[in-house]
Structures are given as structure tokens and as C-alpha cells.
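Residue numbers 1 to 459, in UniProt numbering, belong to the letters of the sequence shown in order.
Right, one structure below, let's go through it.
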Amino acid sequence: MQKKRISKFFPAIFLFIDLLFLNIGFIVANFIRFNTFWFEGDRYPFLFAFLNVAWVVIFFVTKLDKVEREKSVVDYISQILLGLTINLAVVFAMWASTRAYFYSREHLFYTYLIFSVFVVGWRVGFINILRFYRTKGYNVRNVAIVGYGPIGRSLKRHFLQNPEMGYIFKGFFDHKTDHPSVTGGIDDVESYSKSNGIDVIFCCLPKLYDEDVKKLVDFAENNLIKIKLLSDFSKVSNKNLQIQRYGNIPVLDVGNIPLDRMYNRVLKRAFDIVFSSLVMIFILSWLVPLIGLLIKLESPGPVFFIQNRHGRGNQFFPCWKFRSMVVNKESDTKQATKNDTRITKIGAILRKTSLDELPQFINVFLGNMSVVGPRPHPIKLNEEFKPKIDRFIQRHAVKPGVTGLAQAKGYRGETARFSEMYGRVKLDRFYVKNWSLWFDVKIIVLTVYSIVFDRENAY
Numbered sequence: 001m002q003k004k005r006i007s008k009f010f011p012a013i014f015l016f017i018d019l020l021f022l023n024i025g026f027i028v029a030n031f032i033r034f035n036t037f038w039f040e041g042d043r044y045p046f047l048f049a050f051l052n053v054a055w056v057v058i059f060f061v062t063k064l065d066k067v068e069r070e071k072s073v074v075d076y077i078s079q080i081l082l083g084l085t086i087n088l089a090v091v092f093a094m095w096a097s098t099r100a101y102f103y104s105r106e107h108l109f110y111t112y113l114i115f116s117v118f119v120v121g122w123r124v125g126f127i128n129i130l131r132f133y134r135t136k137g138y139n140v141r142n143v144a145i146v147g148y149g150p151i152g153r154s155l156k157r158h159f160l161q162n163p164e165m166g167y168i169f170k171g172f173f174d175h176k177t178d179h180p181s182v183t184g185g186i187d188d189v190e191s192y193s194k195s196n197g198i199d200v201i202f203c204c205l206p207k208l209y210d211e212d213v214k215k216l217v218d219f220a221e222n223n224l225i226k227i228k229l230l231s232d233f234s235k236v237s238n239k240n241l242q243i244q245r246y247g248n249i250p251v252l253d254v255g256n257i258p259l260d261r262m263y264n265r266v267l268k269r270a271f272d273i274v275f276s277s278l279v280m281i282f283i284l285s286w287l288v289p290l291i292g293l294l295i296k297l298e299s300p301g302p303v304f305f306i307q308n309r310h311g312r313g314n315q316f317f318p319c320w321k322f323r324s325m326v327v328n329k330e331s332d333t334k335q336a337t338k339n340d341t342r343i344t345k346i347g348a349i350l351r352k353t354s355l356d357e358l359p360q361f362i363n364v365f366l367g368n369m370s371v372v373g374p375r376p377h378p379i380k381l382n383e384e385f386k387p388k389i390d391r392f393i394q395r396h397a398v399k400p401g402v403t404g405l406a407q408a409k410g411y412r413g414e415t416a417r418f419s420e421m422y423g424r425v426k427l428d429r430f431y432v433k434n435w436s437l438w439f440d441v442k443i444i445v446l447t448v449y450s451i452v453f454d455r456e457n458a459y
């Protein structure tokens, strides 16, 4: 007997409630801005219709109609915020391209403020209720794991430790049936699945032969049972594994990082442009002349120290800093050390406060650097440590930053010992693999804290 699936109604329910809150937001914005719940003039009905149509399209494009059991609440919220961001961008694109400046910006602000609060609130509330509902034995899926091995046992533990996912483990199946934890052999999967209402079959590839997999896939597809294939990628140490297709051949990309995705690169670049513009307008515009004068008064030479360093893709770029030393021939080959006689008095202050790095926001604006990323080392330093540290080059998979995770964690200044450079590179690689815009914001906050309260290694 086929099970009843209320989840098939979720897309329609989600879309209806989303549109309900969108329209409530629009109507409340009408009242706040125009003191009426009805449309103001003959132009706002078009805006009303456009907002609804735009959300319907983006609802399906961003897959907000799906509730995946494997997805965390944080990932679910991120998906909703992505949909809201894209929707707002589409509306502003329409507003600018049609020169519809007669629409009230205050009205749009209140519409999207109310809509965003309600849609995030009800969606998060729903997903938490659904997860609780599953812990009570409802909206669950029965699963069988084919292949009794480390992967299969880990998967079983995961299901037992996360009952909110709604996966009910029913049994192991394997070629070797003498183990007490194994329910039956590979040939028993079909009859067991039919008699016990199995919804999902997980196949652990290292334990199965090709003919086993083909037979199970054919059976599952002929009986409306989902089948999922597993392999042991735990040694790859990359949570951003991605499946690519070359014709009909699936290929696992183990080198994929978040900033390989166009959306993430555009988001990070937009943040960099806005942040660096604000720094140049409100800080560098008056600080450069002031510091430049102090540098010139103390010692002859240029205001800026410009040095080629490795950037994204290991390409060279001119990195800008305020000059903090007297002009010397060792500036490209010798690191600054504690009590270095080459450092000027104003230079010591600049280094202690990290003000010498501020001109690098010009590099950020030009696109050579990012606000946050692995710090660009002098070329000689890279050449020295690259052969000594495994995957050292991975830090150059993204743009270098004015600050980075390593600096926020206290790795500033000289790297006199191998352990110091190893610690930096380890944190840089972690950043590359785990980038997010929120991660950038946290690193900026940690950097400010480090500059104010931890200046031990800044010289």
C-alpha cells in the first residue's frame, strides 16, 4: 500500500504563505506611507503584481519549495536570505531600468522589511516544528544500508544522533551475513524493502560489486524507492566536494572551494568595493597627507613603499604600504625584526598600530586584493617556505587580504620560526576552504580587537 505523503503539498503551502506575507507587507506599507490600505494612484497595482510575479519565479529558481532533511537550519536561513536578496535586486533593477522613480523608496523599504521578517520567521518556525515532529516518529523515512563497513556504521550513528532528520534505520545488508548486526544478504534487499516499506537505500560502494549496484538501482527505480551511493571521502578533508559531469560521466571535484562559485566572488567583490571606498573617502583622504608629511619630515624617500608580491593564482601585483623604514637595499630580502634599526620612529608607530597597511585598501579597490584573505608575503619568504610546508600554494587560490584569519588569531609580524609560518598557512588554508561573507565580518572584528589589545608581535 502506497504511503500518504503530505510533503508533496509543501511547495504549494510555502508559496501561498510567502505570497500572503508579501502582500500583507505591501498593504501595511501602504498604510504607513500613504495612510490607506488600498493602492495609492494608478501606478502601484503594477508594482503589486510585479512583486508577486518576481517572488514566484525566484521561489522556484532558488528552490525555496524544497525542505531537504539533510540541510541545517542555518543553511535553510541562508537559502531564504539569498532568495530575498535576489528578489530585491530584481525589483531595484526594474526600478532603475524603467526610471520608475515615482515609486516611494520608503514604501519599498517597509514592504521588504515586513516581508523579510515574516517569511524568515515563519519558515524557521515551520522547519523547527517539522524537525520536532520527526523526533516523535512522524514524517519519517525508513532506510536500509547495503554494505556493513565503517561508512555504513558511521551513517547509522548519524541517523541515530540526529532524529530530527526523520531517517529510521531498519537494517544492514552485506555479502557477509554471519555478523549479528547484518540483517541479510544482498539478495535479500528486494524482498525486505517491499515487506518493510523501505523508502531509501544507501549503498556503500567499497563493499559492493558493480553488478550489485546496477541490480539495486534497477530495483529501486522500478519500485519508487530512492537510492543513494556512498564512498569514503573522509580522507580528502574538503567539505566542499562537488559533482561535475563530463557527458554522462560523473566526476568528483575535490579541489572545489567556496570562492570558485561566481555568486560568492561577486558578493565578496561587492563587499570589497563598498568597504574600500568608505575607507578611502573617510580615512585615507585626510590620513594620507598627514602621515605622508610625517614620513617626509623624518627621513628622505617616498611616502609609499611598493613591493611586488604574489596574489591570486600566484600572479605578481604591486602591494602598497606606508614607508616605515629608511630607504635601504635589504627591504626586499630581509624581514623586519624586533628593535630593527631600519625602522623610523614614525614607522614604529605605524607598524604597532597597523596603520602602515592602510594604503592596501587602494589595492582592494583596484581588485588586486580583498579586505579579508591570506596576507601577501614577500616573495623571498614564499620561496623559502613553499617547499617546506605541504599545500602552501593553496593560500594563493584566493585574493590576498589586508587582514586574514591568521592575523586575527595573533599571527602578526615576523615569522622567525618554522612553527609560526606553519600556523599561519594552516589558518590561511582553513579560510580558503571555509569562506563566507559572515566569516569575513567576524575576521574584521577580531582584527580590530587584536590591533587594540594584542600588539606583542607588531614591530
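We treat Cβ as the ideally placed atom computed from N, Cα and C, and that holds for glycine.
Judged by beta-carbon spacing, Trp438 lies beyond the 9 Å limit of Val398, meaning their Cβ atoms are not closer than that value. Cβ atoms of Ile389 and Tyr411 stay farther apart than 8 Å, at about 14 Å. As summarised for the region 178-214, the continuous alpha helix (DSSP H) elements at least 4 residues long and confined to that stretch are 189-196, given in chain order.
Apart from the 5 residues on each side of it in sequence, Arg33 sits with its Cβ closer than 6 Å to the Cβ of Ser104, Glu106 and His107 in its chain, given in chain order. The region 190-209 makes contact with the region 163-173: 3 or more CB pairs, one atom from each, lie closer than 8 Å. Here DSSP, grouped into helix, strand and coil, assigns Ser231 to coil. In the three-state reduction of the DSSP assignment, Arg43 falls in the coil class, being assigned neither a helical nor a strand state. Residues of the same chain with a CB within less than 7 Å of the CB of Leu216, apart from the 5 flanking positions on each side, are Val146, Val189, Ile201, Cys203 and Ile227 in chain order.
Boundaries of the alpha helix (DSSP H) around Lys352: Lys345 to Thr353. Assignment of Val124 by DSSP, reduced to helix, strand and coil, places it in the helix class. A residue is called buried once 16 or more other Cβ atoms fall within 10 Å of its Cβ, and Gln315, having fewer, is exposed. Per DSSP, Ala144 lies in no alpha helix (DSSP H); the unbroken beta strand (DSSP E) holding it starts and ends at Arg141 to Val146. When the five nearest sequence neighbours on each side are left out, the beta carbons in the same chain lying within less than 7 Å of the beta carbon of Ile86 are those of Ile58 and Thr62, in order along the chain. Residue pairing by DSSP places Phe365 in no beta bridge whatsoever. Asp272 and Thr36 have their C-alpha atoms some 41 Å from each other. Looking at the backbone, the Cα of Ile283 and that of Val303 are separated by about 17 Å.
A straight-line Cα-Cα distance of about 39 Å links Ala408 and Gly152.
About 6 Å separates the CB atoms of Asn139 and Tyr133; that is less than 8 Å, so the two are in contact.
Look at Asp253 here: in three-state DSSP terms it is strand. For Thr344, the closest alpha carbon among the candidates Pro300, Leu224 and Trp320 is that of Pro300. Counting only the Cα atoms, Thr447 lies some 10 Å from Ser354.
With fewer than 16 other Cβ atoms from the protein chains shown falling within 10 Å of its own Cβ, His158 counts as exposed.
Counted as a single uninterrupted DSSP element, the alpha helix (DSSP H) harbouring Pro11 occupies residues Phe10 to Phe34.
Taking a C-beta distance under 9 Å as the contact criterion, Arg269 and Gly373 do not qualify as a contact pair. In this structure, Pro289 sits away from Asn363, with a CB-CB distance that is not shorter than 9 Å. Per the coordinates, the alpha-carbon of Gly404 lies some 12 Å from the alpha-carbon of Lys426. A residue is called buried when at least 16 other Cβ atoms come within 10 angstroms of its Cβ; Phe16 does not meet this threshold and is exposed.
Annotation: Phe365 to Ser116 spans about 31 Å, alpha carbon to alpha carbon. Rounded to whole angstroms, the separation of the alpha carbons of Glu68 and Arg265 is 26 Å. Contact check for Gln307 and Pro378: beta-carbon distance about 7 Å, within the 8 Å limit, so the pair qualifies. Of Gln335, Leu230 and Thr135, the smallest CA-CA separation from Leu160 is found for Thr135. DSSP links Gly171 through a beta bridge to Ala144. Shown here for Ile291: same chain residues with a beta carbon closer than 8 Å to its own, the five before and five after excluded, namely Val303, Phe322, Ile346, Leu350 and Leu355 in chain order. Counting the other CB atoms within 10 Å of its CB gives Asp187 a total below 16, which places it among the exposed residues. For Trp122, the closest alpha carbon among the candidates Phe361, Phe14 and Val274 is that of Phe14.
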